[in-house]
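Sequence order for the protein chains is A and L.
Sequential numbering of the first sequence, starting at 1, is according to the working numbering.
Sequential numbering of the second sequence, starting at 522, is according to the working numbering.
Where a beta carbon is used, it is the ideal one built from N, C-alpha and C, also for glycine.
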Amino acid sequence: MEENKNKSIIDKIWNFFASITLAVVLFALIGLTSIVGTIVEQNVAPEKNLKLLAKFFGDSNAPAFYKILDSLGFMDMYHSWWFIGLLLLFAANLIICSLDRLPRIWKLAKEAIKPLTDEQFKNLGKKELVLKGKPDKVKETVGTAIKHAGFKFLEAKEATGYQFYSEKGNYTRLGVYITHLSILLILGGAIIGIIFGFKGYLNLPEGKTYSVAFAPGGFLSREEESEMEAIIERLQATEGNAKEAARQFGVDEKTLRTKMKRYGIWPLGFSIRCDNFLVDFYKGSNMPKEYRSWLTIIKGNKEVFKKSIVVNDPLTYNDVTFYQSSFGMVPNAHGEFIMKITPKSGAPETRQMHRDDKFIIPGTDLQGTLKDFSPALSFDANNRPFTFAEQMNNPAVFLEFSEKGKTKYSGWIMKRYPQTWGLPDGHTVEFVDYWGVEYTGLQVRKDPGVWVVYLGCMVMAVGLYITFFMSHKKIWVRLLEEKNSTRIIVALTANKNRTALEAKTDKMMALLSKSDGGGKQ
Amino acid sequence: MNSSTLFGISTMAYILAMIIYITYLAFRNSQVGIAATTVTIAGFVSQTIAIVIRWTEHYAQWTMMSPESTFIVSVLRSAPLRNLFESLIFFVWCLILGYLIIELKYKTRSFGAFVTPIAGLALAFIDISGMSKEIEPLVPALQSNWLLAHVMMSFISYSTFALSFSTGLMYLILKTDKRTESSYIFWTVTSGIFIVVLFAMGLDYLSFGLAIKTPETLIKSYLFKASFLNKSVAVSIFSLLIAVAFIFMVWKYGHILKKIVGSFSISAEMLDEITYKSIAIGFPIFTLGGLIFGAIWADQAWGVYWSWDPKETWSLITWFVYAFFLHSRLLRGWRGKKVAIVAVMGFIAVIFTYLGVNLLLSGLHAYGSLE
Ligand code: HEM
Numbered sequence: 001m002e003e004n005k006n007k008s009i010i011d012k013i014w015n016f017f018a019s020i021t022l023a024v025v026l027f028a029l030i031g032l033t034s035i036v037g038t039i040v041e042q043n044v045a046p047e048k049n050l051k052l053l054a055k056f057f058g059d060s061n062a063p064a065f066y067k068i069l070d071s072l073g074f075m076d077m078y079h080s081w082w083f084i085g086l087l088l089l090f091a092a093n094l095i096i097c098s099l100d101r102l103p104r105i106w107k108l109a110k111e112a113i114k115p116l117t118d119e120q121f122k123n124l125g126k127k128e129l130v131l132k133g134k135p136d137k138v139k140e141t142v143g144t145a146i147k148h149a150g151f152k153f154l155e156a157k158e159a160t161g162y163q164f165y166s167e168k169g170n171y172t173r174l175g176v177y178i179t180h181l182s183i184l185l186i187l188g189g190a191i192i193g194i195i196f197g198f199k200g201y202l203n204l205p206e207g208k209t210y211s212v213a214f215a216p217g218g219f220l221s222r223e224e225e226s227e228m229e230a231i232i233e234r235l236q237a238t239e240g241n242a243k244e245a246a247r248q249f250g251v252d253e254k255t256l257r258t259k260m261k262r263y264g265i266w267p268l269g270f271s272i273r274c275d276n277f278l279v280d281f282y283k284g285s286n287m288p289k290e291y292r293s294w295l296t297i298i299k300g301n302k303e304v305f306k307k308s309i310v311v312n313d314p315l316t317y318n319d320v321t322f323y324q325s326s327f328g329m330v331p332n333a334h335g336e337f338i339m340k341i342t343p344k345s346g347a348p349e350t351r352q353m354h355r356d357d358k359f360i361i362p363g364t365d366l367q368g369t370l371k372d373f374s375p376a377l378s379f380d381a382n383n384r385p386f387t388f389a390e391q392m393n394n395p396a397v398f399l400e401f402s403e404k405g406k407t408k409y410s411g412w413i414m415k416r417y418p419q420t421w422g423l424p425d426g427h428t429v430e431f432v433d434y435w436g437v438e439y440t441g442l443q444v445r446k447d448p449g450v451w452v453v454y455l456g457c458m459v460m461a462v463g464l465y466i467t468f469f470m471s472h473k474k475i476w477v478r479l480l481e482e483k484n485s486t487r488i489i490v491a492l493t494a495n496k497n498r499t500a501l502e503a504k505t506d507k508m509m510a511l512l513s514k515s516d517g518g519g520k521q
Numbered sequence: 522m523n524s525s526t527l528f529g530i531s532t533m534a535y536i537l538a539m540i541i542y543i544t545y546l547a548f549r550n551s552q553v554g555i556a557a558t559t560v561t562i563a564g565f566v567s568q569t570i571a572i573v574i575r576w577t578e579h580y581a582q583w584t585m586m587s588p589e590s591t592f593i594v595s596v597l598r599s600a601p602l603r604n605l606f607e608s609l610i611f612f613v614w615c616l617i618l619g620y621l622i623i624e625l626k627y628k629t630r631s632f633g634a635f636v637t638p639i640a641g642l643a644l645a646f647i648d649i650s651g652m653s654k655e656i657e658p659l660v661p662a663l664q665s666n667w668l669l670a671h672v673m674m675s676f677i678s679y680s681t682f683a684l685s686f687s688t689g690l691m692y693l694i695l696k697t698d699k700r701t702e703s704s705y706i707f708w709t710v711t712s713g714i715f716i717v718v719l720f721a722m723g724l725d726y727l728s729f730g731l732a733i734k735t736p737e738t739l740i741k742s743y744l745f746k747a748s749f750l751n752k753s754v755a756v757s758i759f760s761l762l763i764a765v766a767f768i769f770m771v772w773k774y775g776h777i778l779k780k781i782v783g784s785f786s787i788s789a790e791m792l793d794e795i796t797y798k799s800i801a802i803g804f805p806i807f808t809l810g811g812l813i814f815g816a817i818w819a820d821q822a823w824g825v826y827w828s829w830d831p832k833e834t835w836s837l838i839t840w841f842v843y844a845f846f847l848h849s850r851l852l853r854g855w856r857g858k859k860v861a862i863v864a865v866m867g868f869i870a871v872i873f874t875y876l877g878v879n880l881l882l883s884g885l886h887a888y889g890s891l892e
C-alpha cells in the first residue's frame, strides 16, 4: 500500500516532466521573460533604468518599481536564480521526456519490416500496374526497378505470386533525440565555461610584457590598492605562476588566490608581449580597415610563440585566447620615432629617435632635427596642415633641415601620405611609426566549455538535418498472378514527407510500364 | 543602368504585382493571373541584375581601397549584405524566389496576393525610413566569412518564415467564422494593425519626405509623428480613433475576405502543409545560420559566443516561438488554428528581431552600427 502510493507520486513527477505541455509552457515562459531583459538594460548603472521606468510609470513611481524589479533580479536577469531555474527545468524536461519516449521509438526503429497481409494492403494507400507475363517472368524486372529506386528488399513467396518488402532510414527516427541531446550539450558546455572559465581584459602597451589579465573589479580602498599592486608585481616577476608568487610572499597559495580573485587578477601562467600595434586604413580614406597587434608569448624567459592578430583572428596559447578588441594611447608615454632614411643615392637606413634629436642624411652634410609631432595630421582645403583627431590616425613629424649651420628647409612628414616623404634634394624620409605610445586592448578568455558547445552545435546541425530532411520509408510490392499477366500492387508509408516517396514510386512504376511496352494501369 | 534604377524598377514591379494579384483574387481571370506572374518575374529579374551590379560596385571599391586582397577575399567581402538596406533587398529576393517556387510547384497563384504585400512593404520601408544606401567600406569586425554565412542564412530563413506567415494567416482567414472566436479576433486585429502601421508610415513619408538619415532619427523624430505622435493632441487622438475604427471594420467585415479566399482552389490542408513545410525548412537554416554561425562569429570577434544582448536574445525568442510551433503540433487538440496563430506570431518575432531591436532597442551588435 505504502509502496504503491510512493510509486504513484514518483510517477506523477515523472509524468509532469515527461509532458510536452510543460515543454510548451516553458518555451512560452522563457520567451516572454527574455523580452523583459531586452527592454530593461542589463548590468548598467541604475540611473539608466530609472530613466526608462520613469517614462512608463512617472518620475515619482520609478524608484519603487526599480526596487521591485531589482529585488527580482531583472537588472541582471539572465543570471538570476529564477531564469537559471527555468533553464534547468527545461533541461530536466528535455531529458525525462526523451527518456520516456526513447524505448518506444527505439522499438519502432529496430522492428524489422514484415510482409503485409491482404487486410493491411487494403488499408494502406496503394498504386497498381499490370505487366505482361507471369510473376516468375517479370520478377527480375520488378526487382531491378526497386533496386534502382534505392531499396534493398526481401522477398516472400505467396500463394498467387510474390511479395517484395523493404525499408530505409529506420534510424532517422532518432534524429529528434540527437537534436535534443545537442541542446543538453550546449547547456552543459555553457555551465563548464561559467564554472571553470575566465573572461577578462588586458591593455598591453607596445613593448611591454604582462603575465596577468584583469577581470572588471569593484571599488578598492587605498591599502587594498597597494596590496593589489604588490601582488601584480610579484606575479609579473614569476611569469604568472601563482604558486611561486605565494612562496615568495610567504603565504599559502590558496590565500593568495582568494586575494587575486577579490582584486580581479588572473595569472596567465606565461607572459605576453606586444611588439607593435598598428591601424591600417582603407586607401585614400580615414576608415579603419584593420587593427593589428604583433604579440609574442614568453615562457621561461624564452620566446615560444609569435602571432599577429586582427579582429576575427585571435591568438590562442595554453587554452587562453587573446582577441583584438580595442586600442588607445598610453597617457604621458614617451615613445620612439622610427624613421627610414633613404639618401638620393644610397641604401635605406632605419633610425630610432626622440623629439629634438638630430640626424645626418648618410653621405651628406644635411642635418635634420625632429621638432614637433602630431597624432593625426591632414591638409585642409587651403593645403594648410591641421590635426583632426586625438588618436594616431595619421601621425606626422615636423622636421627642420640645415646645412653647415644654416637652415635650409622644413616641413611635415606624414606616415600615411607618401607624397610628403620626399625632400627637395631628392632624399626620402619615411615616418614608419611612433612606437611605444599606444596600447592594444585585448579581450582575454579561457573557456574549457567552448568545445562542448561547438560539439553541441555540430550535433544539432546533424540532428536537425536528419529530423527534417530524412525519413523512415517502407514499401511493399506485391506481384499477383492474373491470366497471362501480373498485377503489381505497391503500398508505402513514410513517417515524414510522404509525397517525396510517392513521387519516387510513381517514377519507378512509369519505368516499369515503359519497359513493358506500355502496360495498362 | 545603375543598381538603384533597377531596384526602383523591381520595387514598382512588386507593388504592381501586388495590385494585380489582388485583382486576380477578386476576379479569377486567368489572363490577369498570368500578368501578375509575369510582372513578378520581371521584378525578380531586374532585382537580380541590380544585386549583381551592386556586388560589382562593392568589388570595384574594395579592390581600389584594398588592392592587396586576393580575388576570393575581395568577392566575399564585397557581398551586398552589409547593412540594413542590402539585407532587406536580399530578404525580398529570397521571398519572391520562394514564392515563385511555390507557385510553380502547387500550381496556384492565390498566395501571390498575400506574399507580394510583404515584399512591397519591406521595399517601401527602405524608402520611408530613408536608410543609408551608400557604399561604405567594411569595418574590421564585419570582415568575417562566418558573418557572411550568418547574414545570408538568416535572411533565407526569414523569407521562409514570411511565407509561413502568409499561409498561416490565410489558413486563419479560411478557418474562422464567428466574430467572437479568438482566432478570428487574432487575425483581424493583427492584419488591421499591420495595415494601420503601414498607412501611418506612408503618411509620415508624405508629410516629411526623405529628410532623415539614420534609423535612430527615424524613431526619435519621425515615426508616427504625422499621426499618433503628432504635436497636436487633436490630430493624434483623431488618428488613434481612425485606427481603432479601421481595425473594427476589418473585424466586422473580415468574413468577406474569407469568401474570396474560400472561392479558390486551395484547401486548408494545403495551407497547413505549406506553413509547416516552410517552417521545417526555415527552422534548421535559422538554427544553423542565425544562431550557431552568429555565435561562432561573436566568439571569433569578441571572445563571447553568447552575451544576451537584445539582438541575440530576440533571435532566441524567435527560435523558441518556432520550437513552440513544432512542438505544439504534437499536443492533443493543437492542430489547425492554434498552430497557425503561433506561425503568425513567429514572423512578428522575426520582424521585431530584425527591425524592432535596431530601431527601438540598442545593443552590442545592432546590425549596421558596428564598431
Ligand atoms: C529549444 C529546444 C528544443 C528544440 C530545438 C527541439 C527540437 C525538436 C524538433 C526539431 C522536433 C521535431 C519536430 C517535427 O518533426 O516537426 C522535436 C520533436 C519533439 N520534441 Fe523537441 N525540441 C526542444 C525541446 C524539447 C523539450 C524541452 C521537450 C520536452 C518535452 C521536447 C520534446 C519533444 C518531443 C516529444 C518531440 C516529438 C518526438 C517524436 O516525434 O517522436 N522537445 N523537437
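- Item | Rounded straight-line distance, which links the Cα of HIS579 of chain L to that of GLY815 of chain L | The sequence position of residue 815 of chain L within the second sequence is 294, counting from 1. The sequence position of residue 579 of chain L within the second sequence is 58, counting from 1. Distance between the alpha carbons of GLY815 of chain L and HIS579 of chain L is about 23 Å.
- Just tell me which of L:ASN751, L:VAL710 and L:GLY713 has its CA closest to the CA of SER728 of chain L. Numbered from 1 along the second sequence, position 207 holds the residue referred to as residue 728 of chain L. For SER728 of chain L, the nearest C-alpha among the options comes from L:ASN751.
- Kindly indicate if chain L contains any beta-carbon less than 9 Å away from that of TYR454 of chain A. Numbered from its first residue, the first sequence carries residue 454 of chain A at position 454. So yes, TYR454 of chain A belongs to the interface.
- Message: Are the CB atoms of GLY564 of chain L and LEU537 of chain L within a distance shorter than 9 Å?
- Response: Within the second sequence, the letter at position 16 stands for residue 537 of chain L. Within the second sequence, the letter at position 43 stands for residue 564 of chain L. In contact: LEU537 of chain L and GLY564 of chain L (Cβ atoms closer than 9 Å).
- Query: Which whole runs of the beta strand (DSSP E) in the segment 271–329 of chain A are 3 residues long or more, in chain order?
  - Reply: DSSP runs (the beta strand (DSSP E)) wholly in the segment 271–329 of chain A: 288–299, 302–309, 315–317 and 320–329.
- LEU616 of chain L (DSSP reduced to helix, strand or coil): For this step, residue 616 of chain L is matched to residue 95 along the second sequence. Looking at LEU616 of chain L - three-state DSSP - the assignment turns out to be helix.
- Assuming PHE845 of chain L and ALA28 of chain A make a contact with CB atoms under 8 Å, what is their CB distance in whole Å? The residue given as residue 845 of chain L occupies position 324 in the second sequence. The residue given as residue 28 of chain A occupies position 28 in the first sequence. The C-beta distance from PHE845 of chain L to ALA28 of chain A rounds to 7 Å, short enough to fall under 8 Å.
- Message: Run through chain L and tell me which residues come within less than 7 Å of GLU290 of chain A, C-beta to C-beta.
- Response: Taking the first residue of the first sequence as position 1, residue 290 of chain A is located at position 290. Chain-ordered, the chain L residues with CB closer than 7 Å to the CB of GLU290 of chain A read PRO661.
- Query: Does ILE20 of chain A come within less than 9 Å of chain L when only Cβ atoms are used?
  - Reply: As a first step, residue 20 of chain A is located in the first sequence; it is residue number 20 there, counting from the start. Closer than 9 Å to some Cβ of chain L, the Cβ of ILE20 of chain A qualifies, so yes.
- With distances taken between CB atoms, is the gap from VAL142 of chain A to ARG487 of chain A smaller than 9 Å? As a working mapping, residue 142 of chain A is identified with position 142 in the first sequence. As a working mapping, residue 487 of chain A is identified with position 487 in the first sequence. No, the Cβ-Cβ distance between VAL142 of chain A and ARG487 of chain A is not below 9 Å.
- Task: Check whether the Cβ of TRP840 of chain L lies closer than 8 Å to any heavy atom of ligand 1, and answer yes or no.
- Result: The residue labelled residue 840 of chain L in the question sits at position 319 within the second sequence. Yes; taking the cut-off as 8 Å, the Cβ of TRP840 of chain L has a heavy atom of ligand 1 nearer than that.
- Query: The alpha helix (DSSP H) with ARG598 of chain L in it runs from where to where?
  - Reply: Taking the second sequence and counting its residues from 1, one reaches residue 598 of chain L at position 77. Unbroken alpha helix (DSSP H) run through ARG598 of chain L: 592–598.
- Message: Which residues in chain L have a C-beta closer than 8 Å to the C-beta of LEU464 of chain A? List them in chain order.
- Response: For the purposes of this step, residue 464 of chain A is taken as residue 464 along the first sequence, with counting starting at 1. Result: PHE804, PRO805, THR808 and LEU809.
- Just tell me which of L:TRP576, L:VAL573, L:SER631 and L:ILE530 has its CA closest to the CA of ASN550 of chain L. The count along the second sequence starts at 1 and reaches residue 550 of chain L at position 29. It is L:SER631 whose Cα lies nearest to the Cα of ASN550 of chain L.
- Query: Using CA coordinates, which residue listed in A:SER98, A:VAL279 and A:VAL304 is at the minimum distance from ARG292 of chain A?
  - Reply: Your numbering for residue 292 of chain A matches position 292 in the first sequence. Nearest in C-alpha terms to ARG292 of chain A, of all of A:SER98, A:VAL279 and A:VAL304, is A:VAL279.
- Query: Can you find at least 3 beta carbon pairs, one from the segment 279–288 of chain A and one from the segment 247–254 of chain A, that sit closer than 8 Å?
  - Reply: No, the segment 279–288 of chain A is not in contact with the segment 247–254 of chain A.
- Message: For ALA864 of chain L and THR796 of chain L, which I take to be in contact (beta-carbon distance under 8 Å), what is that distance rounded to the nearest angstrom?
- Response: One-based indexing of the second sequence puts residue 864 of chain L at position 343. One-based indexing of the second sequence puts residue 796 of chain L at position 275. The pair is a contact, with the Cβ atoms about 5 Å apart (cut-off 8 Å).
- So, are the CB atoms of LYS139 of chain A and LEU479 of chain A less than 9 Å apart? One-based indexing of the first sequence puts residue 139 of chain A at position 139. One-based indexing of the first sequence puts residue 479 of chain A at position 479. Yes, the Cβ-Cβ distance between LYS139 of chain A and LEU479 of chain A is below 9 Å.
- Item | Nearest neighbour of TYR535 of chain L, chosen from L:LEU761, L:PRO661 and L:ALA640 [CA to CA] | Sequence index remark: in the second sequence, residue 535 of chain L carries index 14 (1-based). By alpha-carbon distance to TYR535 of chain L, the top candidate from L:LEU761, L:PRO661 and L:ALA640 is L:ALA640.
- Item | Those runs of the alpha helix (DSSP H) which lie wholly inside the segment 625–674 of chain L and span at least 4 residues | Here the runs fully enclosed are 633–650.
- Query: Got a sec? Which residues, its chain only, sit under 8 Å from PRO385 of chain A by beta carbon, not counting five neighbours each side?
  - Reply: Within the first sequence, residue 385 of chain A is the residue found at index 385, counting from 1. Shown here for PRO385 of chain A: same chain residues with a beta carbon closer than 8 Å to its own, the five before and five after excluded, namely SER374, LEU377, SER378, PHE379, ALA396 and TRP412 in chain order.
- Item | Spatially closest choice to PHE707 of chain L from L:MET691, L:PHE720, L:PRO661 and L:LEU876, by CA coordinates | On the second sequence, residue 707 of chain L is found 186 positions in, with the first residue counted as 1. Among L:MET691, L:PHE720, L:PRO661 and L:LEU876, the Cα nearest to that of PHE707 of chain L is on L:MET691.
- Residues that DSSP places opposite GLY200 of chain A in a beta bridge: One-based indexing of the first sequence puts residue 200 of chain A at position 200. Beta-bridge pairing links GLY200 of chain A to A:VAL444.
- With hydrogens ignored, establish whether the beta-carbon of PHE807 of chain L is closer than 8 Å to any heavy atom of ligand 1. On the second sequence, residue 807 of chain L is found 286 positions in, with the first residue counted as 1. No, Cβ of PHE807 of chain L sits at least 8 Å from all heavy atoms of ligand 1.
- Query: With burial defined as no fewer than 16 other Cβ atoms inside 10 Å of the residue's Cβ, what is the status of VAL765 of chain L: buried or exposed?
  - Reply: Here residue 765 of chain L refers to the residue found at position 244 when the second sequence is read from its first residue. Exposed, because fewer than 16 other Cβ atoms sit within 10 Å of the Cβ of VAL765 of chain L.
- Message: Report the CB separation of ALA634 of chain L from TYR774 of chain L in whole angstroms; it is logged as a contact under 8 Å.
- Response: Translated into positions along the second sequence, residue 634 of chain L becomes position 113. Translated into positions along the second sequence, residue 774 of chain L becomes position 253. Wrong, their Cβ atoms sit about 17 Å apart, outside the cutoff.
- Message: Just checking: is the beta-carbon of TYR545 of chain L within a distance shorter than 9 Å of some beta-carbon in chain A?
- Response: By one-based count along the second sequence, residue 545 of chain L stands at place 24. Output row for TYR545 of chain L: interface = no.
- Message: When you compare the CB of CYS457 of chain A with every CB in chain L, is at least one pair closer than 9 Å?
- Response: Counted from its first residue, the first sequence places residue 457 of chain A at position 457. Closer than 9 Å to some Cβ of chain L, the Cβ of CYS457 of chain A qualifies, so yes.
- Query: CB of PHE16 of chain A to nearest heavy atom of ligand 1: below 8 Å?
  - Reply: On the first sequence, position 16 is the one that residue 16 of chain A refers to. Flag unset: Cβ of PHE16 of chain A not near ligand 1.
- Message: I want to check one thing, is the minimum distance from the CB of CYS457 of chain A to the heavy atoms of ligand 1 below 8 Å?
- Response: In the first sequence, the residue the question calls residue 457 of chain A occupies position 457. When distances are taken from the beta-carbon of CYS457 of chain A to the heavy atoms of ligand 1, even the shortest one reaches 8 Å or more.
- Say yes only if the C-beta of ALA801 of chain L is nearer than 8 Å to one or more non-hydrogen atoms of ligand 1, and no if none qualify. As a working note, residue 801 of chain L is residue 280 in the second sequence. Because some heavy atom of ligand 1 lies under 8 Å away, the Cβ of ALA801 of chain L counts as near it: yes.
- Message: Does the CB of ILE35 of chain A have a neighbour CB from chain L at under 9 Å?
- Response: If you number the first sequence from 1, residue 35 of chain A lands on position 35. Yes, contact with chain L.
- Please report how far the alpha carbon of TRP294 of chain A lies from the alpha carbon of ASP275 of chain A, in whole angstroms. Within the first sequence, the letter at position 294 stands for residue 294 of chain A. Within the first sequence, the letter at position 275 stands for residue 275 of chain A. The alpha-carbon atoms of TRP294 of chain A and ASP275 of chain A are separated by roughly 5 Å.
- To which residues does DSSP link LEU480 of chain A through a beta bridge? Counting from one through the first sequence, the residue named residue 480 of chain A turns up at place 480. Note: LEU480 of chain A sits in a beta bridge opposite A:GLY161 and A:ARG487.
- Message: Quick check: the Cα distance between LYS147 of chain A and LYS110 of chain A, rounded to an integer number of angstroms?
- Response: The residue you call residue 147 of chain A lines up with position 147 of the first sequence. The residue you call residue 110 of chain A lines up with position 110 of the first sequence. The straight-line gap from Cα to Cα measures roughly 22 Å.
- Which of the residues in the segment 29–54 of chain A, read from start to end, lie with their CB under 8 Å from any CB of chain L? Among the residues of the segment 29–54 of chain A, those with a Cβ less than 8 Å away from any Cβ of chain L are ILE30, GLY31, SER34, ILE35, GLY37, THR38, ILE39 and GLN42, in the order of the chain.
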